[in-house]
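Sequences listed follow chains A and B, in order.
All you need for this note's numbering is the position in the first sequence, starting with 1, plus 2.
All you need for this note's numbering is the position in the second sequence, starting with 1, plus 30.
In what follows, a structure is listed as structure tokens, so that the remarks can point back to it.
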Amino acid sequence: MEGRDEVLSVRDLEIGYATDRGLVRAVRGVSFDLGDDESLAFIGESGSGKTTLGLSLVRLLPQNASIARGEIVFRTASDEELDLTTLDDEALRRFRWGECAMVFQSSLNALNPVMRIRDHFADTAKDHSETNGTLKGRALTERATECLQMVQLDPDRVLGSYPHELSGGMRQRVMIALGLLLNPRVLILDEPTTALDVLTQRAIIEVLRTLKEEHRFAMIFVSHDLSLAAELADRVATTYAGRIVELGEVEQIFYHPRHPYTVGLLDAVPTLAGGQQDLSSIPGSPPDLIDLPTGCKFHPRCPYATDECREEDPPLIEVAPAQQAACWHWEKVGSDWEAR
Amino acid sequence: MLALGEGGFGLGSEVSATSGTPITLEHAGRSYGSGSQQVKAVDDVSFTIEPGQTLCLVGESGCGKSTTGRMTAGLLEPSQGRVLYGEKEVGALPEAEKKLFRRAVQIIHQDPYASLNPIRSVTQILSAPLRHHGLVNSRSELQSRLRELLETVGLTPPEEFLKKYPHQLSGGQRQRVSVARALTVNPEFIVADEPVSMVDVSLRIGLLNMLLRLQRELGVAFLFITHDLAVAKHFSWEGRIGVMYLGRMVELGPTQELVREPVHPYTRALISALPEADPELTRNKERLRLRSPDIPSLLNLPVGCPFHPRCPMYEEGLCDTDRPAEDAVALEGHLAACYVAARELGQEDRIPESSRAAQAEASRSTA
Numbered sequence: 003m004e005g006r007d008e009v010l011s012v013r014d015l016e017i018g019y020a021t022d023r024g025l026v027r028a029v030r031g032v033s034f035d036l037g038d039d040e041s042l043a044f045i046g047e048s049g050s051g052k053t054t055l056g057l058s059l060v061r062l063l064p065q066n067a068s069i070a071r072g073e074i075v076f077r078t079a080s081d082e083e084l085d086l087t088t089l090d091d092e093a094l095r096r097f098r099w100g101e102c103a104m105v106f107q108s109s110l111n112a113l114n115p116v117m118r119i120r121d122h123f124a125d126t127a128k129d130h131s132e133t134n135g136t137l138k139g140r141a142l143t144e145r146a147t148e149c150l151q152m153v154q155l156d157p158d159r160v161l162g163s164y165p166h167e168l169s170g171g172m173r174q175r176v177m178i179a180l181g182l183l184l185n186p187r188v189l190i191l192d193e194p195t196t197a198l199d200v201l202t203q204r205a206i207i208e209v210l211r212t213l214k215e216e217h218r219f220a221m222i223f224v225s226h227d228l229s230l231a232a233e234l235a236d237r238v239a240t241t242y243a244g245r246i247v248e249l250g251e252v253e254q255i256f257y258h259p260r261h262p263y264t265v266g267l268l269d270a271v272p273t274l275a276g277g278q279q280d281l282s283s284i285p286g287s288p289p290d291l292i293d294l295p296t297g298c299k300f301h302p303r304c305p306y307a308t309d310e311c312r313e314e315d316p317p318l319i320e321v322a323p324a325q326q327a328a329c330w331h332w333e334k335v336g337s338d339w340e341a342r
Numbered sequence: 031m032l033a034l035g036e037g038g039f040g041l042g043s044e045v046s047a048t049s050g051t052p053i054t055l056e057h058a059g060r061s062y063g064s065g066s067q068q069v070k071a072v073d074d075v076s077f078t079i080e081p082g083q084t085l086c087l088v089g090e091s092g093c094g095k096s097t098t099g100r101m102t103a104g105l106l107e108p109s110q111g112r113v114l115y116g117e118k119e120v121g122a123l124p125e126a127e128k129k130l131f132r133r134a135v136q137i138i139h140q141d142p143y144a145s146l147n148p149i150r151s152v153t154q155i156l157s158a159p160l161r162h163h164g165l166v167n168s169r170s171e172l173q174s175r176l177r178e179l180l181e182t183v184g185l186t187p188p189e190e191f192l193k194k195y196p197h198q199l200s201g202g203q204r205q206r207v208s209v210a211r212a213l214t215v216n217p218e219f220i221v222a223d224e225p226v227s228m229v230d231v232s233l234r235i236g237l238l239n240m241l242l243r244l245q246r247e248l249g250v251a252f253l254f255i256t257h258d259l260a261v262a263k264h265f266s267w268e269g270r271i272g273v274m275y276l277g278r279m280v281e282l283g284p285t286q287e288l289v290r291e292p293v294h295p296y297t298r299a300l301i302s303a304l305p306e307a308d309p310e311l312t313r314n315k316e317r318l319r320l321r322s323p324d325i326p327s328l329l330n331l332p333v334g335c336p337f338h339p340r341c342p343m344y345e346e347g348l349c350d351t352d353r354p355a356e357d358a359v360a361l362e363g364h365l366a367a368c369y370v371a372a373r374e375l376g377q378e379d380r381i382p383e384s385s386r387a388a389q390a391e392a393s394r395s396t397a
């Protein structure tokens, strides 16, 4: 994207997990760029590799995972280029949190149950202090207060509390506040609203929307929930079997999809607005990442599949301005969609 | 996609003696604990589900919808009120009728990973109830019945699934096995507790549509429990939705009407808060702002309407004196527990004198 600064460029990333059964190919040849004030949503089902991708961006992959190929280039505030795949531990420590923070899926498990919220902030600041000089004492309390206010929590009540004294929605907001502590350029949120009740979800979405409007930083959402992307994303990447199969601006993806998997997802989600809908699910189930089908990985479930699809995996190509899709039949998919 | 036999399901050749019995909850409640620690998980809930009808219960976690489901299925005795099967109280059914009730009412649980025994194959899981209730007489009859059941739930070809164990199946397939198990005994009523919430997005609708087809073709009645209003709308388009909050039914009405014109402010809040998979729609949706984001504890319920501390329509005196009965608003077949709505809809006579007096008092003191 021209005219904006890119904070992150991922090129041809391949990540695998070594398991007893064989190599799990969780991320296969993923490339994308992220603008420094952009929010990008990765949507896909469980096992589509989206969480692995998120973890790789802060190099927090489990022991048995390895980056087989590709690069993750991060541009810091001082315009330095870091290749995350080759950073050493010390450089990583400086990078994490200061440049790029992550909010994990389950806020109950991510917070230490025997530490007060105040101490979570102190711990994070201490551990990553090199990046920010030293944030401690009054400055730390001030910054923590500011971050908690940014997520619409009452610092006086929250700072002295233990995680179990807070509701699920409050804990999730504490996690977001912790992520913001060192002013990162990128915030990665893994399923930030999953397992929360509707009204709590709404509160989190509003907090994120306000943050996005009032502060300049980039966000990456990883979620199975299309409506979260519809609410907050500037761009959406549909992932399937470890690959981005469609990438484009949010309106393009929701109103003019060109990949049959995106179309299938959109057709499978009931909405409250409007009348009775004719919904159908995608036949079959997601593939086994150890034993992937030949050609396009979606072909066993795809209504458009032909011999070409069974033989060769289609590349991610430009199908419209600022929209890419990986499908041999994207034109047909598009004309069928528009003809509805 | 689902390979169903030409002539529908072909199940239920034998119609049970109790076919077509409504199930009623009469002021049913369930408390846990005692003294100051007593919690009313469900309080004063009433509804009737006629044969072949669907009621969806929606609400946030802790609102008592699962407890209500378990009481309806006879798995939990109500501590107040009654659960009726036809005219008779479920807890007092004689043994023989109880067995019939247990056959007539089945439950599908939320978590297909926990509700299937991991060391039993699909064949074993499905044949146990068939044998227990003496529904098959021979091995060949058992085999054909198993096949039929798997085809009904879309697990085809059946041969591929009969020998499998739960760990060899995906979440969606497991849930289909749970449904098949519920169908073994030709139930007339199924309580489905969040049956699709643990299934992948792309497969969810397939499962829902399958349950809908069961409902249509076998005439099974459903109590369908979900936290997702959009799912409830899809599943009970022709049926009803009940919205629960802190153990109480706050609104109950025909689905299309309830979604289009919700009466209770809590239902309106839920509908306006729900994110939708349509960027323009969801970003421009009008939101109902709550006065407080926090749900009160069941241990310390607010006086009057339990929603009043969060309610944008709150009026001093009117809302925090008496708890609105679940039929404070009673339009044709549509109930809501809200005095403000009752007044706005011209049902002022349903507001008790004490609340009206308290409101008059409050407005005097502010003036």
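Glycine included, every Cβ here is placed at the ideal spot set by N, Cα and C.
Using only CA atoms, which one of the options lies nearest to residue i?
| i | options | result |
| --- | --- | --- |
| I246 of chain A | A:A328, A:T296, A:T308 and A:L189 | A:A328 |
| R237 of chain A | A:K138, A:A70, A:I319 and A:I255 | A:I255 |
| T249 of chain B | B:S64, B:D74 and B:I79 | Before going further, note that residue 249 of chain B is Gly rather than Thr in the sequence given. Checked all of B:S64, B:D74 and B:I79; the closest Cα to G249 of chain B is B:I79. |
| P64 of chain A | A:Y19, A:H130 and A:P285 | A:Y19 |
| T297 of chain B | B:A307, B:P305, B:L282 and B:E306 | B:L282 |
| L180 of chain A | A:D199, A:T147 and A:H226 | A:T147 |
| I207 of chain A | A:Q154, A:L36, A:R61 and A:D158 | A:Q154 |
| D379 of chain B | B:E362, B:A358 and B:T186 | B:A358 |
| L106 of chain B | B:K118, B:S61 and B:V69 | B:S61 |
| V9 of chain A | A:D39, A:G277, A:T202 and A:F223 | A:D39 |
| M172 of chain A | A:E215, A:L113, A:L137 and A:L184 | A:L113 |
| S229 of chain A | A:A220, A:E216, A:T273 and A:T212 | A:T273 |
| G82 of chain B | B:V229, B:E181, B:L241 and B:Q67 | B:L241 |
| A307 of chain B | B:P295, B:A260, B:D141 and B:L288 | B:A260 |
| H130 of chain A | A:R312, A:D35 and A:A93 | A:A93 |
| E215 of chain A | A:E333, A:K138 and A:A235 | A:A235 |
| R175 of chain A | A:L110, A:W99, A:T143 and A:D91 | A:L110 |
| T241 of chain A | A:G24, A:G37, A:D35 and A:F44 | A:F44 |
| G56 of chain A | A:V29, A:H258 and A:D290 | A:V29 |
| P108 of chain B | B:G59, B:L123 and B:S145 | B:G59 |
Can a CB atom of chain B be found closer than 9 Å to the CB of residue i?
| i | result |
| --- | --- |
| I284 of chain A | yes |
| P194 of chain A | no |
| V335 of chain A | no |
| Q326 of chain A | no |
| F256 of chain A | yes |
| G266 of chain A | yes |
| V200 of chain A | yes |
| Q174 of chain A | no |
| G244 of chain A | no |
| D227 of chain A | yes |
If you draw a straight line from the C-alpha of residue i to the C-alpha of residue j, how long is it?
| i | j | result |
| --- | --- | --- |
| H364 of chain B | V280 of chain B | 11 Å |
| L267 of chain A | S227 of chain B | 16 Å |
| V72 of chain B | V135 of chain B | 21 Å |
| G277 of chain A | I255 of chain B | 21 Å |
| E383 of chain B | L304 of chain B | 36 Å |
| K52 of chain A | P295 of chain B | 37 Å |
| R211 of chain A | A231 of chain A | 12 Å |
| G281 of chain A | A270 of chain A | One point to set straight first is that residue 281 of chain A is Leu, not Gly, in the sequence displayed. Those two C-alpha atoms are separated by around 6 Å. |
| V12 of chain A | A210 of chain B | 46 Å |
| M274 of chain B | R313 of chain B | 27 Å |
| R169 of chain B | I149 of chain B | 22 Å |
So, under 8 Å CB-CB, residue i and residue j are touching, yes? Tell me the CB distance rounded to an integer number of Å.
| i | j | result |
| --- | --- | --- |
| S1 of chain A | I17 of chain A | Here chain A comprises residues numbered 3 to 342, so residue 1 of chain A is not present and cannot be evaluated. |
| D352 of chain B | S393 of chain B | Incorrect: roughly 17 Å between the Cβ atoms, too far for contact. |
| C93 of chain B | G277 of chain B | 7 Å |
Does any residue of chain A have a CB that is nearer than 9 Å to the CB of residue i?
| i | result |
| --- | --- |
| H197 of chain B | no |
| S96 of chain B | no |
| I271 of chain B | no |
| G202 of chain B | yes |
| D74 of chain B | no |
ask   = With a cut-off of 8 Å, do at least 3 Cβ pairs link the stretch 251-269 of chain A to the stretch 300-308 of chain A?
value = These segments touch.
request  = Check whether the stretch 187-197 of chain A touches the stretch 119-131 of chain A, taking contact to mean three or more Cβ pairs, one atom from each stretch, closer than 8 Å.
outcome  = no
task = Inspect the CB distances between the stretch 159-173 of chain B and the stretch 257-275 of chain B and report whether three or more fall short of 8 Å.
result = no
message = Any contact between the stretch 182-200 of chain B and the stretch 97-111 of chain B? By contact I mean 3 or more CB pairs, one from each, below 8 Å.
response = no
query = Taking one C-beta from the stretch 340-350 of chain B and one from the stretch 308-327 of chain B each time, how about it: are there three or more such pairs within less than 8 Å?
reply = As far as the Cβ criterion goes, the stretch 340-350 of chain B touches the stretch 308-327 of chain B, which means the pair count is three or higher.
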